[in-house]
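Residue 213 in this note's numbering sits at position 197 of the sequence shown; the count goes up by one each step and never skips. From the three backbone atoms N, C-alpha and C, an ideal C-beta is built for every residue, glycine too. On a predicted model such as this, the values are computed, not experimentally measured, just so you know. Here is the structure we will look at.
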Amino acid sequence: MFWSYKVRDEIKQRFAKEITSGLPLVIRDEKTMSGSAHVGSTRGVVIHGHISDVLTDAKIANKYLFEVNDFDPMDGLPIYLDQDRFKPYMGRILCDVPSPDDKAKNYAEYFAAEFLEVIKKTGYEPELYRSSELYLSGKYNETIRLALDHADLIRAIYKEVSGSDKGEEWLPIQVICEQCKKVGTTKAIKWDGKLVSYRCEKNMVKWAEGCGHSGTIDPFDGRAKLPWKVEWPAKWKIMSVKIEGAGKDHATKGGSRDIAKRISQEVFGYPEPLDIPYNFFVIGGKKMSSSKGAGATAQEIADLLPSEILRLLMMKEPKQEIDFDAYGDTIPILFDSYDRIATEYFEKKETDWSTAFAFMHPVKEREKLEAHFFPRFSQIAYLVQMPHVDVLAKVTEMKGSALTSGDRAEVEQRSAYAKRWLSKYSPEKFKFELQEQVPELASSFTDEQYKALGAIHDYIVAHDPLDGHELHSRIHDIKKEIEIDPKELFSAIYISFLGKDSGPQVGWFLSALPRDFVLSRLAAITESFKE
Numbered sequence: 017m018f019w020s021y022k023v024r025d026e027i028k029q030r031f032a033k034e035i036t037s038g039l040p041l042v043i044r045d046e047k048t049m050s051g052s053a054h055v056g057s058t059r060g061v062v063i064h065g066h067i068s069d070v071l072t073d074a075k076i077a078n079k080y081l082f083e084v085n086d087f088d089p090m091d092g093l094p095i096y097l098d099q100d101r102f103k104p105y106m107g108r109i110l111c112d113v114p115s116p117d118d119k120a121k122n123y124a125e126y127f128a129a130e131f132l133e134v135i136k137k138t139g140y141e142p143e144l145y146r147s148s149e150l151y152l153s154g155k156y157n158e159t160i161r162l163a164l165d166h167a168d169l170i171r172a173i174y175k176e177v178s179g180s181d182k183g184e185e186w187l188p189i190q191v192i193c194e195q196c197k198k199v200g201t202t203k204a205i206k207w208d209g210k211l212v213s214y215r216c217e218k219n220m221v222k223w224a225e226g227c228g229h230s231g232t233i234d235p236f237d238g239r240a241k242l243p244w245k246v247e248w249p250a251k252w253k254i255m256s257v258k259i260e261g262a263g264k265d266h267a268t269k270g271g272s273r274d275i276a277k278r279i280s281q282e283v284f285g286y287p288e289p290l291d292i293p294y295n296f297f298v299i300g301g302k303k304m305s306s307s308k309g310a311g312a313t314a315q316e317i318a319d320l321l322p323s324e325i326l327r328l329l330m331m332k333e334p335k336q337e338i339d340f341d342a343y344g345d346t347i348p349i350l351f352d353s354y355d356r357i358a359t360e361y362f363e364k365k366e367t368d369w370s371t372a373f374a375f376m377h378p379v380k381e382r383e384k385l386e387a388h389f390f391p392r393f394s395q396i397a398y399l400v401q402m403p404h405v406d407v408l409a410k411v412t413e414m415k416g417s418a419l420t421s422g423d424r425a426e427v428e429q430r431s432a433y434a435k436r437w438l439s440k441y442s443p444e445k446f447k448f449e450l451q452e453q454v455p456e457l458a459s460s461f462t463d464e465q466y467k468a469l470g471a472i473h474d475y476i477v478a479h480d481p482l483d484g485h486e487l488h489s490r491i492h493d494i495k496k497e498i499e500i501d502p503k504e505l506f507s508a509i510y511i512s513f514l515g516k517d518s519g520p521q522v523g524w525f526l527s528a529l530p531r532d533f534v535l536s537r538l539a540a541i542t543e544s545f546k547e
C-alpha cells in the first residue's frame with residue numbers, strides 16, 4: 017500500500033468525528049522567506065499537497081494552507097547578497113527589510129515570489145497567508161498572553177523535554193525594539209499582565225547588534241513575536257491545524273516537535289496535529305542550506321523537471337532520504353522511473369506506485385491521462401545534440417508507428433527539458449559531439465578493433481533500412497567472432513564518431529545517424545588500416 021493511503025486511513029480513524037460533521041481538516045505547511053529556498057523545501061509542499069489530494073479523492077473535506085513566514089528575525093545573511101548593504105538590517109523582522117531588487121514590497125516578498133513560482137510548478141494550489149498578517153491583525157494575541165501567563169510552565173517543558181535551562185527570568189516573547197526596530201537583539205525581562213519590559217542588548221547575539229534601548233511595551237498586535245518553539249504550536253491553535261508534518265530534524269527526541277506538542281496541549285489547550293515526519297533532501301550526502309548557498313535552489317530544479325517528475329521525486333516515502341544530484345544520473349533515472357510507473361498504470365498492473373500514478377499529475381490533467389509512447393529521456397538527450405537529426409522522425413522509428421498527439425507532446429516536452437539539463441548540469445557521459453573529421457585516437461586502434469569496425473561496415477552496407485536492435489545484436493556476434501574485448505570494441509565505435517570512449521546504446525546510436533555518414537566514416541577508418 018502506498019504510504020499516503022496509510023496516512024489517509026490513520027486520518028479517517030483519528031478525525032472520524034470531524035469528517036462526519038463535514039468540517040474541513042486543515043493541512044498546513046510553511047517556509048521562512050530568509051533567502052532562496054533550496055530544493056528540499058519543495059518536499060513539504062508536495063507531501064502536504066499530496067495528502068490533500070488523497071483526502072479529496074476519498075471525499076474527505078480538507079483545506080491546504082501554506083504560510084509565507086515573513087515575521088522571523090533576519091538572523092543569517094545569504095552569501096549571494098551584498099553583505100555591507102544588508103548587515104545593518106540583521107535582527108529585524110524579514111518583512112521590515114528592503115527587497116534586494118528594490119522592486120518587491122520587502123525582503124521576504126522578494127524571496128516569496130521565487131518560491132511561490134515553484135509551488136505553482138508543482139501544480140498544487142494551497143491557500144496562502146502571511147505570518148505578518150496574523151500578528152498585525154491580533155490573531156496571535158490570545159496565545160501570546162497564554163504563553164506569558166504560563167512562562168514558568170513553558171520553562172519547565174523546555175527543561176523536561178530537551179534539558180534546556182532557560183533561567184527563572186526568561187520569558188517566551190521577542191519584543192520589537194521601539195528604537196532600532198530589531199527583534200533578534202531584545203530580551204524580555206518582566207511581564208506584569210499587561211506590558212512587557214525589555215532591553216535591546218548590544219551583544220546578546222553574534223549576528224546582530226542591539227541599540228541598548230530599554231522600554232516597556234504592549235506585546236500585542238505585531239509589536240512582539242513568540243520564539244519558534246512556542247510560535248509553532250500557537251500556529252496550530254490559531255489556524256485549527258489537524259495535519260502538519262516537518263523535517264526529521266524537528267522530529268528527533270527532545271527536539272522542537274516534542275516541545276511544541278507539550279506546549280500545544282498544556283499551555284494552549286490544543287491537541288498536536290497528525291505528524292508526517294520526512295527525511296532530509298541531500299546532494300551528495302550533504303544536507304543543504306539555502307542561506308549558505310549549498311545545494312540547488314528549488315527554482316533551479318523546478319525549472320529542470322516537469323511537474324509530474326517533480327512530484328514523483330518528492331512523493332517518495334517520507335522516511336526515505338532523497339539524495340539528488342542534478343550533475344549526475346538522477347534526472348535520467350527519474351524519467352525512467354516515471355516511464356515504468358506509467359506503463360504499469362496503463363497496463364493496469366497494481367503496484368504501490370501505479371496506484372499513486374494519477375496523483376503525480378495536477379488535478380486538471382488527471383482526466384486527460386492516456387497511454388502513449390515514452391521515449392527514454394537519455395535517448396532524447398542524445399538526439400537533441402545531433403543537429404542533423406529530426407527528433408520526431410527518429411522517435412517514430414523507435415515506436416514503429418505514427419506518433420499520436422500525446423506522443424508528440426511528450427517528445428517536445430522531453431526535448432525541451434533535456435536541452436536545459438544538458439546546458440547546465442549533465443555529466444560528460446551524456447554530452448556528445450559528432451566529430452566532423454576522423455578523430456586522431458582512431459590511428460592507434462588495434463588490429464582487432466579495425467577488423468570489428470570493418471565487419472560493422474559490411475553489415476550496414478547489406479542492411480537498408482538499418483534496424484538498431486538487429487545491429488546491436490550483430491555487433492555482439494562480431495565481438496565473439498573476432499574475440500575482441502567488449503570494452504575495446506565499443507570504445508572503438510564511440511571514438512570513431514564522438515572522439516570519446518563511451519556513448520549511448522551502440523546499435524541505436526549508429527542507426528540514429530545518417531546512413532551515408534556512418535558508412536563513409538567506417539570506410540575511412542578501415543581503409544587506413546588496409547593501407
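Can you find at least 3 beta carbon pairs, one from the region 86-93 and one from the region 355-374, that sit closer than 8 Å? no
Under the three-state DSSP convention, the category Ser307 falls into: Unreliable positioning characterises Ser307 in this predicted model, as indicated by a pLDDT of 42, which lies under 50. The coordinate reading is nonetheless provided below. DSSP places Ser307 in coil when its eight states are reduced to three.
Nearest CA to the CA of Ser550: which residue from Asp265, Tyr294, Met255? Because the chain spans 17 through 547 in this model, residue 550 falls outside it and cannot be assessed.
Indicate whether Phe18 and Ala372 have their beta-carbon atoms separated by less than 7 Å. yes
With three or more C-beta pairs closer than 8 Å as the rule, is the region 285-301 touching the region 401-412? no
Taking only three categories from DSSP, how would you classify Arg108? Of the three classes helix, strand and coil, the one that applies to Arg108 here is strand, per DSSP.
Assuming Leu81 contacts Tyr174 (C-beta within less than 8 Å), just tell me the rounded distance between them. With a Cβ gap of about 27 Å, Leu81 and Tyr174 do not count as contacting.
Taking only the alpha-carbon atoms, compute the straight-line gap between Ser489 and Pro391 and give it to the nearest angstrom. Distance between Ser489 and Pro391, taken at the CA atoms: about 21 Å.
Would you mind listing the alpha helix (DSSP H) stretches within the region 101-175 that are 4+ residues and don't spill past its ends, in chain order? 123-138, 147-152, 157-165
Find out if the Cβ-Cβ distance for the pair Leu419, Phe284 is shorter than 7 Å. no
Buried versus exposed, by CB contacts within 10 Å (16 or more), Ile541: buried
Glu324 (DSSP reduced to helix, strand or coil): helix
Quick one: grab the DSSP three-state call for Tyr398. helix
Simplified DSSP assignment, three categories, for Pro455: coil
To the nearest angstrom, how far is it from the Cα of Glu133 to the Cα of Ser52? 12 Å
Throw me the rounded Cβ distance for the Lys245 and Ala224 pair, which I believe falls under 8 Å. Contact between Lys245 and Ala224 fails: their C-beta atoms lie close to 20 Å from each other, not under 8 Å.
Going by beta carbon distance, what residues of the same chain come within less than 6 Å of Gly107, once the five residues before and after it are set aside? Pro89, Lys198, Gly200, Thr201, Ala224
Identify which residue in Val400, Glu504, Pro443 has its Cα closest to the Cα of Asp463. Glu504
Which one of Asp118, Arg424, Ala539, Glu130 has the shortest CA to CA distance from Ser512? Per the Cα distances, Ala539.
For Val62, does the count of other Cβ atoms within 10 angstroms reach 16, so buried, or fall short, so exposed? So Val62 counts as buried.
Would you mind stating whether Gly226 and Cys216 have Cβ atoms separated by less than 7 Å? yes
Give a yes or no on whether the C-beta atoms belonging to Lys467 and Ile498 are separated by under 7 Å. yes
Which listed residue (Asp493, Ala508, Ala432, Leu535) has its alpha carbon closest to that of Asp480: Leu535
Is it true that the region 136-143 meets the region 66-84, where meeting means three or more beta-carbon pairs spaced less than 8 Å apart? yes
Which of the three DSSP states, helix, strand or coil, is assigned to Trp223? coil
Note down, in chain order, each residue of its chain lying with its Cβ closer than 8 Å to the Cβ of Lys495, except the 5 sequence neighbours on either side. Ala468, Pro502, Leu505
Residue of His229, Asp117, Ile35 minimising C-alpha distance to Asn219: His229
Do Leu152 and Gly238 count as a contact pair if the criterion is CB distance below 7 Å? Yes, Cβ-Cβ distance for Gly238 and Leu152 is below 7 Å.
Spatial neighbours of Glu486 within its chain, please: CB distance less than 8 Å, with the 5 preceding and 5 following residues excluded, ordered by chain position. His479, Gly523
Can you grab the Cα-Cα spacing for the pair Arg327 / Lys206, in whole Å? Looking at the two C-alpha atoms, the distance is approximately 49 Å.
Counting C-beta neighbours from all protein chains within 10 Å, is the total for Arg101 16 or more, i.e. buried, or is it exposed? exposed
Can you tell me whether DSSP reads Lys384 as helix, strand or coil? If DSSP states are grouped into helix, strand and coil, Lys384 belongs with coil.
Quick check: what's the CA-CA separation for Lys332 versus Ala312? 19 Å
Excluding the 5 residues preceding and the 5 following Arg382 in the sequence, name in chain order all residues of the same chain whose CB lies nearer than 6 Å to its CB. Once the five neighbours on either side are set aside, the close Cβ partners of Arg382 are Ala374.
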